[in-house]
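Okay, structure first, notes after.
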Amino acid sequence: MGSDETAASSSSTSAIINPSKKQGLGWIEWGRGWYKVVEEFLFQRIMASHLENPLPLPPLDGLTCIVTGSTSGIGLEIARQLAQAGAHVVMAVRKIKLAQELIQKWQEEKGGLGMPLNIEVMELDLLSMDSVVQFAEAWNARLAPLNILINNAGIFSIGEPQRISKDGFEEHMQVNHLAPALLSMLLLPSLLRGSPSRIVNVNSVMHFVGFVDPNDMNVTAGKRKYSSLVGYAGSKLAQVKFSSILQKRIPAEAGVNVICVTPGIVLTNVARDLPKFLIAGYRLIPYFIFDPIEGSRSTLFAAADPQVPDYCAVLKQDEWPVCPYITFDCRPMNASEEAHNLETSQELWEKTLEMVGLPSDSLEKLLEGEQVQCQYGPARE
Ligand SMILES: NC(=O)c1ccc[n+]([C@@H]2O[C@H](COP(=O)([O-])OP(=O)(O)OC[C@H]3O[C@@H](n4cnc5c(N)ncnc54)[C@H](OP(=O)(O)O)[C@@H]3O)[C@@H](O)[C@H]2O)c1
Numbered sequence: 010m011g012s013d014e015t016a017a018s019s020s021s022t023s024a025i026i027n028p029s030k031k032q033g034l035g036w037i038e039w040g041r042g043w044y045k046v047v048e049e050f051l052f053q054r055i056m057a058s059h060l061e062n063p064l065p066l067p068p069l070d071g072l073t074c075i076v077t078g079s080t081s082g083i084g085l086e087i088a089r090q091l092a093q094a095g096a097h098v099v100m101a102v103r104k105i106k107l108a109q110e111l112i113q114k115w116q117e118e119k120g121g122l123g124m125p126l127n128i129e130v131m132e133l134d135l136l137s138m139d140s141v142v143q144f145a146e147a148w149n150a151r152l153a154p155l156n157i158l159i160n161n162a163g164i165f166s167i168g169e170p171q172r173i174s175k176d177g178f179e180e181h182m183q184v185n186h187l188a189p190a191l192l193s194m195l196l197l198p199s200l201l202r203g204s205p206s207r208i209v210n211v212n213s214v215m216h217f218v219g220f221v222d223p224n225d226m227n228v229t230a231g232k233r234k235y236s237s238l239v240g241y242a243g244s245k246l247a248q249v250k251f252s253s254i255l256q257k258r259i260p261a262e263a264g265v266n267v268i269c270v271t272p273g274i275v276l277t278n279v280a281r282d283l284p285k286f287l288i289a290g291y292r293l294i295p296y297f298i299f300d301p302i303e304g305s306r307s308t309l310f311a312a313a314d315p316q317v318p319d320y321c322a323v324l325k326q327d328e329w330p331v332c333p334y335i336t337f338d339c340r341p342m343n344a345s346e347e348a349h350n351l352e353t354s355q356e357l358w359e360k361t362l363e364m365v366g367l368p369s370d371s372l373e374k375l376l377e378g379e380q381v382q383c384q385y386g387p388a389r390e
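Here the sequence shown stands for residues 10 to 390, numbered as in the working numbering.
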């Protein structure tokens, strides 16, 4: 049975067992969610006016960071600034040649002063679970510590019809949630080796208007009408919910924190699927929209600021139901009401592990230093 059919049959079973199960956001929640989105758009610049641009970073010599989707937009800025602060940066990307050209440009910009940037490129395509496993196996084989994993790569195929990947998943869900979740799990051995370490997920304020049904992650069961907005917002909410359980389950002593951030509303290629006239309009409102350097600040703060682990520790001690969330102005933010539903977060955690082909006890095994087998990967094709 394909993953869609499995999802469809299990979703109808769950609806029979529990007909009162929530099928979407209520009007008030939805209204509050859109209020958050509009507020971010209108006031992000004022609310972030206390921040320097670019955000000053502490020296990061000796730290290793993996940044996904670093050939464009926010990810490009994150990779460049981390490397310029002295970190060893791995650009995990689809466009290898473009990444190499960027590195060469950044090295030249440095004008040959001081040490060359410590930056390299590795191939990663989040639309292929095999590619994720291949990347993780290649990285883990080095037995090197990893200090910061930045799950930045993402898509928002605005106005496009629903697309299912070759792995059988709705593409927003795969690129924005499932593949980064698999990557985070598979890189845990390296993150534990690099502890204290951080996983930073570049999330979005759009998770406030998102809803995700763990039994219909692909939005194919016919219970909800698909749109690219439903796909994108749902995938970002799924990422917050998965991150919340991951952060909860990793013991404090392990020293690995999982943080979500919203970068703000940023002028990047993410809007490339908008109609041409809308892209032109988008460019006409620079006062409201951040440039990628401004948009990289919250992620860099979550990745490098020394206060962040203390904030994570406080939430852990309080058994807060949601993972630490940093907003575009580098302040803590409470995630959406729906993100606080621990019961569905737990269901989503289990469903995600199943969909990415990992055993349900993977985390416990990885924390014990044992190996886990993923159903994806080159050896198992
Ligand atoms: N811009 C905003 O207003 C905004 C707001 C909230 C959240 N975000 C989030 O910020 C993150 C970065 O987006 P951005 O705005 O910087 O957009 P962007 O300029 O389009 O950059 C997205 C990056 O993700 C990569 N990517 C896409 N699909 C991939 C795949 N299958 N495998 C590997 N890499 C892939 C792209 O690489 P290719 O060039 O190879 O496609 C690109 O480098 C995303 O997670 C997005 O959801 C953005």
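Note that beta-carbon positions come from the ideal geometry of N, C-alpha and C, so glycine has one too.
Using only CA atoms, which one of the options lies nearest to residue i?
i, options, result
"Glu-303", "Ile-83, Ile-254, Glu-118 and Pro-67", "Ile-83"
"Asn-266", "Val-142, Tyr-320 and Leu-51", "Tyr-320"
"His-349", "Leu-152, Ile-288, Glu-377 and Gln-248", "Gln-248"
"Leu-135", "Val-381, Pro-198 and Val-76", "Val-76"
"Glu-262", "Ser-137, Glu-129 and Pro-205", "Pro-205"
"Glu-61", "Ser-307, Glu-48, Gly-168 and Val-275", "Ser-307"
"Lys-360", "Leu-201, Phe-220, His-186 and Asn-224", "Asn-224"
"Ser-199", "Gln-143, Gly-378 and Tyr-385", "Gly-378"
"Val-228", "Gln-171, Gly-273 and Ser-252", "Gln-171"
"Arg-89", "Arg-103, Gly-177 and Ile-112", "Ile-112"
"Ala-94", "Leu-66, Met-100 and Trp-115", "Leu-66"
"Leu-196", "Lys-175, Leu-51 and Asn-156", "Asn-156"
"Ala-313", "Ser-371, Leu-72 and Leu-51", "Leu-72"
"Val-221", "Leu-351, Lys-104, Gly-177 and Gln-326", "Leu-351"
"Glu-48", "Phe-217, Leu-367 and Lys-250", "Phe-217"
"Tyr-271", "Gln-326, Ile-288, Asn-343 and Lys-104", "Per the sequence presented here, residue 271 reads as Thr, with Tyr not at that position. Answer by Cα proximity: Asn-343."
"Leu-309", "Val-141, Ile-268 and Leu-324", "Ile-268"
"Glu-129", "Asn-149, Ala-96 and Leu-69", "Ala-96"
"Ile-37", "Ser-369, Leu-375 and Glu-347", "Glu-347"
"Asp-3", "Glu-86, Gln-382 and Asn-149", "Residue numbering for the chain in the displayed model covers 10 to 390; residue 3 lies beyond these limits and cannot be assessed."
"Trp-39", "Glu-328, His-186, Met-100 and Ser-345", "Ser-345"
"Gly-35", "Gly-219, Thr-277 and Cys-332", "Gly-219"
"Trp-358", "Tyr-334, Ile-288, Leu-187 and Lys-234", "Leu-187"
"Met-329", "Leu-255, Phe-50, Val-141 and Leu-375", "Reading the sequence as shown, one finds Trp at residue 329 and not Met. That would be Leu-255, whose Cα lies nearest to the Cα of Trp-329."
"Pro-63", "Lys-234, Leu-91, Leu-372 and Glu-132", "Leu-91"
With DSSP run on the structure shown, which of helix, strand or coil describes residue i?
i, result
"Ile-274", "coil"
"Met-131", "strand"
"His-349", "helix"
"Asn-266", "strand"
"Leu-255", "helix"
"Thr-73", "strand"
"Met-364", "helix"
"Ile-5", "This structure leaves residue 5 out entirely; the chain is present only between 10 and 390."
"Ala-153", "coil"
"Glu-379", "coil"
"Ile-173", "strand"
"Ala-190", "helix"
"Val-4", "This structure gives no information on residue 4, because the portion of the chain shown stretches from 10 to 390."
"Met-182", "helix"
"Val-46", "helix"
"Pro-65", "coil"
"Phe-297", "coil"
"Pro-341", "strand"
"Lys-30", "coil"
"Lys-234", "coil"
"Phe-217", "helix"
"Leu-240", "Residue identity check: residue 240 is Gly in the sequence provided, not Leu. It is helical."
"Gln-384", "coil"
"Ser-21", "Any reading at Ser-21 is ruled out, since the residue's pLDDT is 40, under 50, leaving its predicted position unreliable."
"Val-228", "coil"
"Ser-371", "helix"
"Leu-126", "coil"
"Ser-79", "coil"
"Gly-40", "helix"
Tell me which residue opens and which closes the beta strand (DSSP E) that residue i is part of.
i, result
"Val-211", "206–211"
"Ala-57", "Per DSSP, Ala-57 belongs to no beta strand (DSSP E) and is neither H nor E."
"Leu-158", "157–160"
"Ala-101", "97–102"
Where do the N-terminal and C-terminal ends of the alpha helix (DSSP H) with residue i fall, by residue?
i, result
"Thr-308", "306–313"
"Val-323", "317–326"
"Val-142", "138–149"
"Ala-88", "82–93"
"Pro-201", "The amino acid occupying residue 201 in the given sequence is Leu; Pro does not appear at that position. Note, Leu-201: alpha helix (DSSP H), 197–202."
Three or more C-beta pairs closer than 8 Å, one from the stretch 176–183 and one from the stretch 236–255: is that the case here?
yes
Are there three or more Cβ pairs, one per stretch, closer than 8 Å when the stretch 149–169 is compared with the stretch 203–219?
yes
Are there three or more Cβ pairs, one per stretch, closer than 8 Å when the stretch 130–147 is compared with the stretch 53–73?
no
Evaluate the contact criterion for the stretch 320–338 versus the stretch 164–175: three or more CB pairs, one atom per stretch, below 8 Å.
no
Are the stretch 309–320 and the stretch 187–202 touching, with three or more C-beta to C-beta distances below 8 Å?
no
Can you find at least 3 beta carbon pairs, one from the stretch 107–114 and one from the stretch 78–92, that sit closer than 8 Å?
yes
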